[in-house]
Amino acid sequence: MNPNMILIEVLIIDQKPEKNVTTKMQLEKNSIVQDIFTQISKKNNQINQINYIIQLNDDDTLIDLDLRMPVVQLQNKKIQIKQKTWADQAEQQFVNSQRRDTITKHDDHADAPLNHIQAFKYEKFTVVKINERGKRQDRILGIDQFRIYNMNKKENLGLFERILNNKNSGTKFPQRLIEDIVDIRIAHQFLYITFKQENDYKELKFDTLDSKIAQKIFKKINFIRDFQIATQKYRASSQKQD
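For the sequence shown, UniProt numbering begins at 1 and goes up steadily by one.
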């Protein structure tokens, strides 16, 4: 095989399990997950990123993959594509967090370099939010490859039910885009995140109760931010070449 190519194996899941199909494809090493859809849709145009979702099966934990993720990170991994359900289409990120609710004891990667799979995996952290008046509020901080979820314990326990019932109770800003972060810093166990908010900026302060947890959150968010910036630069460069 060409040394500049990698082999990816994908399981295409049908509504009838007996019709599941495994396909293999060669992709350039600089390809991204979206290119997997492109290859498959050439053979079956019904399979596309609008109606289907691509996932990593990591020890029976399903992780939705960012379409911008480099495929080289997925070599020798279990990849599957399935048709989106109503819940997937309604609110994919929230459903993922509920489905993977057991991922509360995250990998100890404070002192180890992150990879895309670790960084994009949904994780939850028990923290204390400190408002402008110094009031301390218990929170669950959820982080995936796109968003940060600021939930109180009631929201965390009843997340799936809130989605289905379209309830708006709970924290004022239950989720924020990572791409809206303009600054993030840590001081011992304290985490400070500044977001763009409408025409202004909003700094949130959290006590993570442990400096190692603060470092984990800091590294995870910065990895995703750096990836988003690199992706934007790559796309801008590609458009200029076209």
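Ideal Cβ positions, reconstructed from N, Cα and C, are used throughout, including at glycine.
message: Less than 8 Å between the beta carbons of VAL128 and ASP210, yes or no?
response: Result no, Cβ atoms of VAL128 and ASP210 do not sit closer than 8 Å.
query: Looking only at C-alpha atoms, which of VAL71, GLN83, ILE6 sits nearest to GLN15?
result: With distances taken between Cα atoms, GLN15 lies closest to GLN83.
query: What number of angstroms, rounded off, separates the C-alpha of ARG71 from the C-alpha of PHE195?
result: It should be noted that the sequence gives Val, not Arg, for residue 71. Spanning the two alpha carbons is a distance of roughly 30 Å.
- prompt: Counting pairs of beta carbons, one from the stretch 2–10 and one from the stretch 23–30, are three or more of them closer than 8 Å?
  reply: The stretch 2–10 and the stretch 23–30 touch, with no fewer than 3 CB-CB distances between them shorter than 8 Å.
message: Strictly by DSSP, which residues pair up with ALA187?
response: ALA187 is bridged to PHE190.
- prompt: Identify the residues that DSSP records as bridge partners of GLY134: which are they?
  reply: In the DSSP output, where bridge partners are listed per residue, GLY134 has none listed.
field: Opening and closing residue of the alpha helix (DSSP H) in which LYS205 lies
entry: That residue, LYS205, is in no alpha helix (DSSP H); its beta strand (DSSP E) goes 200–207.
message: According to DSSP, is ARG225 part of a helix, a strand, or is it coil?
response: In the structure shown, ARG225 falls within a helical segment according to DSSP collapsed to helix, strand and coil.
Assigned exposure category for ASN150 - 16 Cβ within 10 Å defines buried: Within 10 angstroms of the beta-carbon of ASN150 lie 16 or more other beta-carbons, which makes it buried.
- prompt: Taking C-alpha atoms, which residue in ARG133, ALA119, LYS135 lies nearest to GLY142?
  reply: When only C-alpha atoms are compared, the closest one is ALA119.
- prompt: Which term fits ASP58, buried or exposed, when burial requires 16 or more other beta carbons within 10 angstroms of its beta carbon?
  reply: Exposed, by the Cβ-count rule.
message: For ILE12 and LEU62, what's the separation of their Cα atoms in angstroms?
response: In a straight line, the C-alpha of ILE12 is about 14 Å away from that of LEU62.
task: Quick one: residues in its chain with C-beta nearer than 8 Å to the C-beta of ASN48, no 5 flanking neighbours on either side, listed in chain order?
output: Result list for ASN48: PHE37, SER41, in chain order.
field: Separation of ASN51 from PHE125, as counted between CA atoms
entry: Approximately 32 Å, taken between the alpha carbons.
field: Beta-carbon proximity list for PHE227, same chain, < 6 Å, skipping 5 on both sides
entry: Closer than 6 Å at the Cβ level, and outside the excluded window around PHE227, lies no residue.
- request: For the beta strand (DSSP E) containing GLN73, list its first residue and its last residue.
  value: Counting along the chain, GLN73 sits inside no beta strand (DSSP E), nor does DSSP assign it H or E at all.
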